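Student: In the numbering used here, the protein residues as written are 9 to 383.
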Amino acid sequence: MKIGVAKEIDAAEPRVGATPDTVKKFKALGADVAVEPGAGIKSGLLDSDYEAAGATISADAVRDADIVVKVKRPEASEVTRYKKGALVVAIMDPYGNDAALKTMADAGVAAFAMELMPRITRAQVMDVLSSQANLAGYRAVIEAAEAFGRAFPMMMTAAGTVPAAKVFVMGVGVAGLQAIATAKRLGAVVTATDVRPAVKEQVESLGAKFLAVEDEEFKNAQTAGGYAKEMSKEYQAKQAALTAEHIKKQDIVITTALIPGRPAPRLVSADMVKSMKPGSVLVDLAVERGGNVEGVTSGQTVEVNGVKIVGIPNLAGRVAASASSLYSKNLLSFIETMIDKSTKALAVNWDDELVKATALTKDGAVIHPNFQPKA
């Protein structure tokens with residue numbers, strides 16, 4: 009059994025699918041591991057580090073691999089290098105990318121989307137959305153602090169007092185909670201909002217104040233899987249009015265709202281942006297899905313009347329060493345379930361709920377029920 013570690017061909021992707029630590033564990037499971045030259049360099053990992061862990065460095069690392077580990081979904085030019093029947097494990101971004109799924113199916117590979125991992129107890133250690141969102145939330149605050157022209161904590165000096173920055177976090181999932189915690193550590197006064205009532209207690213436990221229109225709809229605004237439901241137009245209007253008034257007084261706004269498979273919901277309008285004080289900063293973590301903030305542009309910081317709108321895609325990639333370390337452990341934990349410990353051979357249980365939830369393609373076809381080709 010051979011595992012191939014691919015180097016990402018996207019120049020903007022600094023993460024890698026395996027680290028020397030996970031290479032050692034793959035070796036202990038009976039796998040031979042080959043790594044493409046320079047695969048880990050942007051995460052601070054040298055080829056010699058992988059060799060010391062027992063991997064071979066080869067330009068053909070993925071060509072005859074039984075399992076290919078990646079960060080992003082492979083492009084057509086990459087898939088042609090994989091052998092038929094190979095398992096390809098990555099963050100696949102399948103929604104709205106039917107052509108890319110067909111390309112992988114046509115190549116005969118079995119593609120697994122790590123972001124579709126079910127939110128059940130045994131899969132927590134495989135949850136890439138959480139591991140990467142955690143770092144993105146942290147990094148969002150760092151980017152906000154860098155763009156903000158003032159200090160975060162209150163400082164009392166002989167020359168006068170510097171007031172604490174006011175930070176408002178919109179969307180309290182994993183990224184939002186980490187943003188709250190990081191902003192609090194930096195000394196900011198933090199408020200947060202979300203449509204799920206269950207997070208109110210979490211927000212307050214971190215020392216932040218919770219802001220929401222707490223009506224009947226709000227009390228039932230969460231799916232069984234723990235995701236936010238899409239709210240009615242009436243609720244959205246009430247929440248927008250409350251938010252608009254609050255945003256005027258904020259120095260930093262961090263938005264994190266995403267609904268799987270849909271464009272990001274619009275949380276901050278152009279009028280709200282204009283109402284903010286010059287020097288204020290908005291950081292939009294949903295920019296890759298169209299953004300929560302009106303006027304956000306992917307890869308740029310846009311300035312509107314002195315207010316900065318920061319639209320950095322792949323914020324987890326800004327802390328690539330940490331992101332790769334966590335992501336590679338997510339992959340290892342998943343792949344471990346596909347290996348027979350006694351024979352040390354690949355043995356995928358296609359009836360396993362983890363496999364069923366994440367498998368996109370197999371035997372030349374798209375097999376995931378959510379991505380079947382439309383008639």
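Glycine is no exception: its CB is placed at the ideal position from the N, C-alpha and C atoms.
Owing to the predicted nature of the structure, the values given are computational and were not obtained by experimental measurement.
Rounded to a whole number of angstroms, what is the C-alpha to C-alpha distance between D29 and A36?
Tutor: Near 11 Å, if we compare the C-alpha coordinates of A36 and D29.
Student: What span of residues does the alpha helix (DSSP H) with D292 cover, start to end?
Tutor: Unbroken run through D292 is the beta strand (DSSP E), 289–292; no alpha helix (DSSP H).
Student: Considering only the beta carbon of each residue, do I17 and E83 sit closer than 8 Å?
Tutor: Closer than 8 Å, so yes.
Student: Quick check on Q132: does DSSP put it in helix, strand or coil?
Tutor: Helix at Q132.
Student: How would you write the range of the alpha helix (DSSP H) that F176 sits in, first residue to last?
Tutor: Taken as a continuous stretch (DSSP letters only), F176 belongs to no alpha helix (DSSP H), being part of the beta strand (DSSP E) at 174–178.
Student: Given 8 Å as the limit, is there contact between the stretch 218–230 and the stretch 157–167, that is, 3 or more CB pairs closer than that?
Tutor: No: fewer than three Cβ pairs fall under 8 Å.
Student: Use the C-beta contact count for P22: other C-beta atoms within 10 angstroms, 16 or more gives buried, fewer gives exposed.
Tutor: With 16 or more Cβ atoms within 10 Å of its Cβ, P22 is classed as buried.
Student: Would you list the one or two residues that DSSP bridges to D348?
Tutor: Paired residue(s): A353.
Student: Would you say the beta carbon of Q244 comes nearer than 7 Å to a heavy atom of the ligand FAD?
Tutor: In terms of ligand content, the structure shown is empty, and the ligand FAD therefore cannot be addressed.
Student: Is the beta carbon of M284 sitting closer than 8 Å to the one on I255?
Tutor: Cβ distance < 8 Å, so M284 and I255 count as in contact.
Student: Is there contact between the stretch 144–153 and the stretch 111–122, where contact requires at least three CB pairs shorter than 8 Å?
Tutor: Flag = no, the stretch 144–153 and the stretch 111–122 do not touch.
Student: Is there contact here, the stretch 191–198 with the stretch 145–160, by at least three beta-carbon pairs under 8 Å?
Tutor: Yes: at least three Cβ pairs fall under 8 Å.
Student: Strictly by DSSP, which residues pair up with A170?
Tutor: For clarity, residue 170 is Val in the given sequence; the question names Ala instead. Paired residues: M163.
Student: Under a CB-based cut-off of 8 Å, is A166 close to chain D?
Tutor: Considering every chain present, this structure includes no chain D. It has just one protein chain.
Student: Hey, how far is the Cα of A20 from the Cα of L339?
Tutor: A20 and L339: Cα-Cα distance of roughly 21 Å.
Student: Do V315 and S288 come within 8 Å of each other at the CB atom, strictly closer than that value?
Tutor: The answer is yes: Cβ separation under 8 Å.
Student: Name the residue from M280, L275, Q140 whose alpha carbon lies nearest to the alpha carbon of A328.
Tutor: Nearest of M280, L275, Q140 to A328, Cα basis: Q140.
Student: Can you tell me whether A278 is buried or exposed, with buried defined as 16 or more other CB within 10 angstroms of its CB?
Tutor: By the 10 Å Cβ count, A278 comes out exposed.
Student: Any idea what DSSP makes of L339, helix, strand or coil?
Tutor: Correct three-state label for L339: helix.
Student: Apply the 10 Å Cβ neighbour rule to N322 and answer buried if 16 or more other Cβ atoms are within range, or exposed otherwise.
Tutor: Its Cβ being crowded by 16 or more others within 10 Å, N322 is buried.
Student: Quick one: Cα of T305 to Cα of L290, how far?
Tutor: Rounded to the nearest angstrom, the two C-alpha atoms are 12 Å apart.
Student: Evaluate R270 with the Cβ neighbour count: other Cβ atoms within 10 Å of its Cβ, from every protein chain shown; 16 or more gives buried, anything less gives exposed.
Tutor: With fewer than 16 Cβ atoms within 10 Å of its Cβ, R270 is classed as exposed.
Student: Looking at V76: is its Cβ nearer than 8 Å to the Cβ of S332?
Tutor: Not closer than 8 Å, so no.
Student: Looking at the secondary structure, which residues open and close the beta strand (DSSP E) in which L445 lies?
Tutor: With the chain running from 9 to 383 in the structure shown, residue 445 is simply not present.
Student: Expressed to the nearest angstrom, what Euclidean distance is found between the alpha-carbon atoms of V13 and V97?
Tutor: Taking the straight line joining both Cα atoms gives about 10 Å.
Student: What number of angstroms, rounded off, separates the C-alpha of A61 from the C-alpha of K32?
Tutor: Spanning the two alpha carbons is a distance of roughly 6 Å.
Student: Thinking K15 and G46 are a contact (beta carbons under 8 Å), I'd like their distance in whole angstroms, please.
Tutor: That pair is a contact at about 6 Å.
Student: Taking buried to mean at least 16 other C-beta atoms within 10 Å of its own C-beta, is S66 buried or exposed?
Tutor: Classification of S66: exposed, given that the 10 Å Cβ count is below 16.
Student: Out of curiosity, what's the CA-to-CA distance linking I262 and T64?
Tutor: Looking at the two C-alpha atoms, the distance is approximately 43 Å.
Student: Can you tell me whether I65 is helix, strand or coil according to DSSP?
Tutor: I65: strand per DSSP, three-state reduction.
Student: Helix or strand or just coil, what does DSSP make of Q258?
Tutor: Of the three classes helix, strand and coil, the one that applies to Q258 here is coil, per DSSP.
Student: Helix, strand or coil for Q380, going by three-state DSSP, please let me know.
Tutor: If DSSP states are grouped into helix, strand and coil, Q380 belongs with coil.
Student: Using DSSP's beta-bridge definition, name the partner residues of K80.
Tutor: According to DSSP, K80 bridges with I99.
Student: Taking all protein chains shown into account, decide if Q258 is buried (16 or more other Cβ within 10 angstroms of its Cβ) or exposed.
Tutor: Q258 comes out buried.
Student: Per DSSP, I11 is paired with what?
Tutor: V41, I75.
Student: Return helix, strand or coil for A252, following the three-state DSSP convention.
Tutor: A252: helix per DSSP, three-state reduction.
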